[in-house]
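Undergrad:
Number of protein chains: 2
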Amino acid sequence: MAPLRIGIAGLGHVGCGLIELVERQDRLRIPGQIEITGVSARSQSRNRPVDTSKYRWFDDAATLAEDPDVDVFVELIGGSDGPAKFAVEEALKAGKPVITANKALIAKHGMALAKLAEEKQVDLLFEAAVAGGIPVVRVLRDSLAGVEIKRVSGILNGTCNFLTTTMLETGRSYDDVLAEAQKLGYAEADPTLDVSGMDAAHKAAILSAIAFSADLDFSKVKVSGVDTIELEDLRLADRLGLRIKLIAEGVLTDDGVVCRVEPMALPVSHPLARIDGSLNTVRIEGDPVGAVTLTGPGAGAGPTASAVMGDVAKMFRPAIRPAFGRAEHHMARPFTEGRGDEVSAFFLSMRLADKPGALAALSESLAAEGVSVDKILQDSADESGASPVAIVTHRCARSNMQAALARLQKFAIPVDPPRLIRIEAAS
Amino acid sequence: MAPLRIGIAGLGHVGCGLIELVERQDRLRIPGQIEITGVSARSQSRNRPVDTSKYRWFDDAATLAEDPDVDVFVELIGGSDGPAKFAVEEALKAGKPVITANKALIAKHGMALAKLAEEKQVDLLFEAAVAGGIPVVRVLRDSLAGVEIKRVSGILNGTCNFLTTTMLETGRSYDDVLAEAQKLGYAEADPTLDVSGMDAAHKAAILSAIAFSADLDFSKVKVSGVDTIELEDLRLADRLGLRIKLIAEGVLTDDGVVCRVEPMALPVSHPLARIDGSLNTVRIEGDPVGAVTLTGPGAGAGPTASAVMGDVAKMFRPAIRPAFGRAEHHMARPFTEGRGDEVSAFFLSMRLADKPGALAALSESLAAEGVSVDKILQDSADESGASPVAIVTHRCARSNMQAALARLQKFAIPVDPPRLIRIEAAS
Ligand SMILES: NC(=O)c1ccc[n+]([C@@H]2O[C@H](COP(=O)([O-])OP(=O)(O)OC[C@H]3O[C@@H](n4cnc5c(N)ncnc54)[C@H](OP(=O)(O)O)[C@@H]3O)[C@@H](O)[C@H]2O)c1
Ligand SMILES: NC(=O)c1ccc[n+]([C@@H]2O[C@H](COP(=O)([O-])OP(=O)(O)OC[C@H]3O[C@@H](n4cnc5c(N)ncnc54)[C@H](OP(=O)(O)O)[C@@H]3O)[C@@H](O)[C@H]2O)c1
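Residue numbers (numbering that gives the first Met the number 0), protein chains in the order written: chain A, 0 to 426; chain B, 0 to 426.
Set out below in structure tokens:
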């Protein structure tokens with residue numbers, strides 16, 4: 000298979016993230032070879048996190064789009080109009096597939112661009128435009144094609160979610176937390192698109208068009224943001240068992256598709272209420288699936304670039320995609336039982352005879368094998384004279400746990416067969 | 000485009016669910032027409048939830064698989080060997096694409112079948128085999144092809160999760176809750192495959208093969224189930240801040256892929272610890288995406304059939320998949336701003352002058368417009384003499400809320416602009 004030659008316009012967060020991924024493509028699961036045949040940005044001399052000097056430089060994105068050495072044009076400039084739109088149109092008109100992360104462009108001009116792509120019989124892919132690293136576009140479009148979707152809702156702007164979460168947690172004001180988000184790089188220097196709800200609205204409109212096969216009309220989307228939310232609102236709501244979050248939704252009604260973004264109050268038991276910090280989440284409700292929820296990083300150079308890379312991988316279009324993703328001779332990594340001895344924290348539960356020295360025997364056995372105890376809980380004995388005992392250990396080797404339990408046998412204290420359970424690290 | 004002719008072998012839960020979906024395909028987003036050209040099951044006379052008499056009957060699944068009128072063979076019989084395996088092999092040998100929901104078959108013979116499919120250059124799809132309605136197979140295989148995956152873990156058996164969740168919640172014994180699960184149809188008459196962890200292991204092995212391009216060898220998978228878990232273990236763990244759940248995982252190590260299923264204890268703050276009841280969830284960790292989590296119904300006729308339908312939709316293989324999933328002339332549903340007046344519960348927050356009668360004026364205004372109050376919270380006044388007041392209403396029309404607020408103005412009580420926020424229904 001000939002290499003796939005891509006041209007990348009825009010070398011900012013996402014563009015440089017993509018180059019970094021292309022340069023280590025051998026460690027990914029791409030069905031063929033990717034080559035970067037040209038790049039474009041505003042300034043050729045700017046310092047970037049990756050070395051772009053080895054790629055052919057184009058001052059003009061549209062010229063790159065039309066270059067005969069470019070098989071696929073990747074637009075990572077941004078903006079609903081201007082150079083991004085112009086270059087994407089030129090690529091499609093030249094009969095080239097386009098990949099973009101540009102939600103503003105797709106929300107505003109998606110229908111016209113899709114029509115152009117259809118006329119030219121080329122792909123227009125935009126997985127990265129919605130919810131960054133969460134592969135919701137293809138899930139909705141392809142995997143759930145057999146589901147009649149009723150509603151799509153979610154938290155689609157990490158900055159807004161970070162703001163409301165952090166205000167409530169720390170008791171700090173909107174302005175204060177926004178300034179922190181900017182310092183951390185969560186919020187843009189100009190956060191208007193985010194906090195006004197506009198960014199989430201772009202994404203919700205795109206998801207609604209796909210979910211409901213609807214004629215995307217962004218002018219019909221109702222948008223309000225978190226910029227009107229005060230700390231006091233969050234606190235009062237909290238005391239009434241509610242979390243206020245910026246919720247984006249598309250709902251199928253008898254009149255058509257209602258798409259909107261606004262702060263909503265969620266009962267604390269609601270699954271979306273627990274999505275904290277800068278995470279994104281999308282909940283898809285339909286018949287006959289019920290609800291499927293996808294959660295993950297909604298932005299950031301790496302996650303967004305990985306979504307672009309997923310779209311690039313799709314461009315190879317072999318006659319048949321291998322069942323497990325890669326051709327059989329590439330399925331080379333062995334399954335293994337692993338090394339017997341694993342290191343973990345453990346939960347140990349047993350019933351111990353309620354005799355003097357029983358707990359001491361247990362503690363000694365553990366200590367003798369170097370197992371250190373984090374928490375211990377002994378309950379009162381039952382009628383048979385056995386006490387339930389549970390222990391949480393610090394990290395240790397399973398072999399040491401087993402040796403400690405063997406040692407315990409020697410004390411001749413009746414013990415119900417102990418149950419040893421690994422503890423998953425917090426995350 | 001000519002209709003796609005499918006043959007369905009197995010008319011149980013999933014098979015009948017699929018027929019039901021095919022019969023209402025016009026309401027789904029399938030890129031073309033699907034026709035059922037033949038069906039097969041053990042007993043032709045059995046009563047089924049859908050009328051199968053209008054479809055051509057085959058006593059033998061393998062004969063259906065080879066029938067010249069069948070473009071795609073759909074295997075929904077089950078079992079890792081026997082008639083399911085034989086019919087799938089016959090279909091592939093005859094050069095026909097196969098769709099299956101059979102995790103036992105794929106876990107045990109997936110590599111050999113994938114090889115056969117590759118030789119014949121036909122698709123072998125099995126989205127429904129892992130986690131029912133959650134589209135994790137295609138997400139891992141295609142969407143996340145640009146991610147270097149480190150670990151896949153999750154709750155992949157709803158029966159086991161229902162058991163551990165319900166035991167802890169209700170304080171009932173394992174046997175008691177298992178009997179209930181069987182009555183509710185969550186657990187099979189023979190629950191061995193589920194409670195032994197074997198079913199989850201099949202799924203984890205399939206996901207591991209895809210995630211790590213690994214040579215699936217089911218004999219290397221370590222499996223233990225929930226059948227050894229006692230109520231006391233769950234309770235003691237709970238008191239130590241841990242939830243015990245059956246966790247399936249595949250991890251990339253220096254020696255190869257370690258895949259296993261076992262009860263694990265999760266800190267209550269861990270995202271998987273909150274997955275209750277019969278839900279499934281899969282967490283994919285990798286570079287540069289961090290973690291993406293998918294949650295939804297892991298079994299059931301409807302969700303599983305919708306996953307099969309997603310695979311069927313994929314078989315149309317038009318030259319180009321339209322950008323929004325359907326050809327432009329099908330993108331017909333309008334976006335609309337919706338009717339102005341919506342019915343919802345509301346959260347209302349304001350600062351009310353701390354004057355006698357202020358709260359009464361608010362209550363009267365609401366009552367006069369027919370808005371009934373669920374909860375109310377007034378806090379002590381600040382230095383300026385204003386009290387924060389928050390109200391949760393029962394469901395009412397937004398217009399009534401607005402009329403009530405207009406009415407409140409007339410009382411000439413200074414009020415900071417009230418903030419009106421919709422409350423999302425619990426779910
Ligand atoms: N960042 C994220 O987390 C994220 C997530 C999802 C989607 N997206 C989308 O991805 C796109 C790119 O975002 P980003 O964060 O990477 O933006 P960014 O860091 O601001 O980078 C934008 C890039 O575009 C270049 N550019 C500007 N005008 C240009 C022109 N006329 N021709 C060629 N290049 C031009 C800039 O060049 P210079 O570097 O020379 O100034 C810069 O390299 C946007 O559509 C955004 O909405 C971003
Ligand atoms: N149920 C779920 O929630 C679920 C979820 C994910 C995956 N799956 C998988 O989907 C598959 C089907 O599951 P199910 O729940 O639908 O099973 P089921 O209800 O037990 O149905 C099995 C069907 O196979 C038929 N059958 C048995 N032997 C046959 C033969 N030799 N030739 C043709 N048909 C034969 C049976 O015929 P009769 O009806 O005449 O007896 C029955 O219709 C299994 O691989 C299962 O693991 C199921």
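Note that CB positions come from ideal geometry on N, CA and C, so glycine has one too.
All figures in this text were calculated on a predicted structure; none of them were measured in a lab.
Is Arg137(B) a contact residue of ligand 4, with contact defined as CB to any heavy atom under 7 Å?
TA: For ligand 4, the structure offers nothing, since it holds only ligand 1 and ligand 2.
Undergrad: Per the DSSP calculation, Asn160(B) is bridged to which residue(s)?
TA: Note: Asn160(B) sits in no beta bridge, so no partner.
Undergrad: DSSP three-state call for Ile133(B): helix, strand or coil?
TA: Three-state result, Ile133(B): coil.
Undergrad: Could you check what DSSP says for Thr165(A) in three-state terms: helix, strand or coil?
TA: In this structure, Thr165(A) counts as helix in the three-state DSSP scheme.
Undergrad: Around the Cβ of Ala1(A), are there at least 16 other Cβ atoms within 10 angstroms (buried) or fewer (exposed)?
TA: It counts as exposed.
Undergrad: Mapping DSSP to helix, strand and coil, what is Pro96(A)?
TA: Three-state DSSP puts Pro96(A) in coil, outside helix and strand.
Undergrad: Rounded to whole angstroms, how far is the Cβ of Phe57(A) from the Cβ of Gly37(A), which I believe are closer than 8 Å?
TA: Their Cβ separation, rounded to whole angstroms, is 5 Å, which keeps Phe57(A) and Gly37(A) in contact under 8 Å.
Undergrad: In chain order, which continuous runs of the beta strand (DSSP E) of length 3 or greater are located wholly inside the segment 347-381 of chain A?
TA: Counting whole runs of 3 or more residues, the segment 347-381 of chain A contains the beta strand (DSSP E) stretches 372-377.
Undergrad: Among Gly295(A), Leu162(A), Asp232(A) and Gly224(A), which one has its Cα closest to the Cα of Glu261(A)?
TA: Among Gly295(A), Leu162(A), Asp232(A) and Gly224(A), the Cα nearest to that of Glu261(A) belongs to Gly224(A).
Undergrad: Output the distance between the C-alpha atoms of Lys313(A) and Ala83(B), rounded to the nearest integer angstrom.
TA: Computed Cα separation, rounded: 31 Å.
Undergrad: Considering only heavy atoms of ligand 2, does any lie closer than 7 Å to the CB of Gly131(B)?
TA: At least one heavy atom of ligand 2 is nearer than 7 Å to the Cβ of Gly131(B), so yes.
Undergrad: Taking any Cβ of chain A, which residues in the segment 115-143 of chain B have a Cβ under 8 Å from it, in chain order?
TA: So the list reads Ala116, Glu117, Gln120, Val121, Asp122, Leu123, Leu124, Phe125, Glu126, Gly132, Ile133, Pro134, Arg137, Val138, Leu139, Arg140, Asp141, Ser142 and Leu143, given in the order they occur along the chain.
Undergrad: For the alpha helix (DSSP H) containing Arg242(A), list its first residue and its last residue.
TA: Run containing Arg242(A): none in the alpha helix (DSSP H); it sits in the beta strand (DSSP E), Leu241 to Thr252.
Undergrad: Short of 6 Å in beta carbon distance, which residues of its chain neighbour Ala304(B), apart from the five on each side in sequence? Order them along the chain.
TA: The residues are Val13, Gly16, Leu17 and Leu20.
Undergrad: Could you tell me if the beta carbon of Lys102(A) falls within a distance shorter than 7 Å of some heavy atom in ligand 1?
TA: Yes, the beta carbon of Lys102(A) sits closer than 7 Å to at least one heavy atom of ligand 1.
Undergrad: For Glu147(A), which of helix, strand or coil comes out of DSSP?
TA: Strand at Glu147(A).
Undergrad: Using a threshold of 8 Å, state whether the C-beta atoms of Ala203(B) and Gly249(B) are closer than that.
TA: Yes.
Undergrad: Under a CB-based cut-off of 8 Å, is His329(A) close to chain E?
TA: Of the protein chains in this structure, namely A and B, none is chain E.
Undergrad: Ala61(B): which of Thr335(B), Val97(B), Asp50(B) and Thr51(B) sits nearest, CA to CA?
TA: Of the candidates Thr335(B), Val97(B), Asp50(B) and Thr51(B), the one whose C-alpha sits nearest the C-alpha of Ala61(B) is Val97(B).
Undergrad: Apart from the five residues on each side of it in sequence, which residues of its chain come closer than 6 Å, Cβ to Cβ, to Gln43(B)?
TA: Correct list, in chain order: Trp56.
Undergrad: Report the three-state DSSP secondary structure of Ala203(B) (helix, strand or coil).
TA: Three-state DSSP puts Ala203(B) in a helix.
Undergrad: Can you pull the DSSP bridge partners for Gly37(A)?
TA: BP columns for Gly37(A) point to Gly6(A).
Undergrad: Thinking just about the alpha-carbon of each residue, which of Asn279(A), Ile274(A), Val288(A) and Asp141(A) is nearest to the one in Leu278(B)?
TA: Ranking the options by Cα distance to Leu278(B), first place goes to Val288(A).
Undergrad: On a CA-only basis, which of Ala40(B), Arg23(B) and Arg41(B) is nearest Glu34(B)? Give me that one, please.
TA: The candidate whose alpha carbon is nearest that of Glu34(B) is Arg23(B).
Undergrad: Lys84(A) touches chain B at which residues, Cβ-Cβ below 7 Å?
TA: The contacting residues do not exist; Lys84(A) stays about 15 Å from chain B at best.
Undergrad: Pick helix, strand or coil for Glu229(A), following the three-state DSSP scheme.
TA: Correct three-state label for Glu229(A): coil.
Undergrad: Would the beta-carbon of Gly11(A) fall within 8 Å of that of Glu74(A)?
TA: In this structure, Glu74(A) does not lie closer than 8 Å to Gly11(A) by Cβ.
Undergrad: Show which residues of chain B have a CB atom less than 9 Å away from the CB atom of Phe346(A).
TA: Asp232, Leu235, Ala236, Leu239, Leu241, Ile243, Met263 and Ala264, listed in chain order.
Undergrad: Taking Cβ-Cβ distances shorter than 8 Å, what residues in chain A pair up with Glu336(B)?
TA: Simply Lys219, Lys221 and Val257.
Undergrad: Would you tell me roughly how many angstroms separate the C-alpha atoms of Tyr185(A) and Asp254(A), rounded to the nearest one?
TA: The alpha-carbon atoms of Tyr185(A) and Asp254(A) are separated by roughly 37 Å.
Undergrad: Contact defined as beta carbons within less than 8 Å: I believe Pro270(A) pairs with Pro30(A). What is the distance between those atoms, to the nearest angstrom?
TA: Contact flag wrong, Cβ pair sits at about 35 Å.
Undergrad: Tell me where the beta strand (DSSP E) around Pro296(A) begins and ends.
TA: Element bounds for Pro296(A): Gly289 to Pro296.
Undergrad: Would you say the beta carbon of Ser305(B) comes nearer than 7 Å to a heavy atom of ligand 2?
TA: For ligand 2, not one heavy atom lies less than 7 Å from the Cβ of Ser305(B).
Undergrad: Going along the chain, which residues of its own chain have a beta-carbon closer than 6 Å to the beta-carbon of Leu351(A), five neighbours each way excluded?
TA: Within the same chain, Leu351(A) has close Cβ partners Ala357, Ser386, Val388 and Val414.
Undergrad: Give the range of the beta strand (DSSP E) segment to which Met263(B) is assigned.
TA: Start and end: Gly255 to Pro266.
Undergrad: Does Pro296(A) have its Cβ less than 8 Å from a Cβ in chain B?
TA: Answer yes: the Cβ-Cβ gap between Pro296(A) and chain B drops below 8 Å somewhere.
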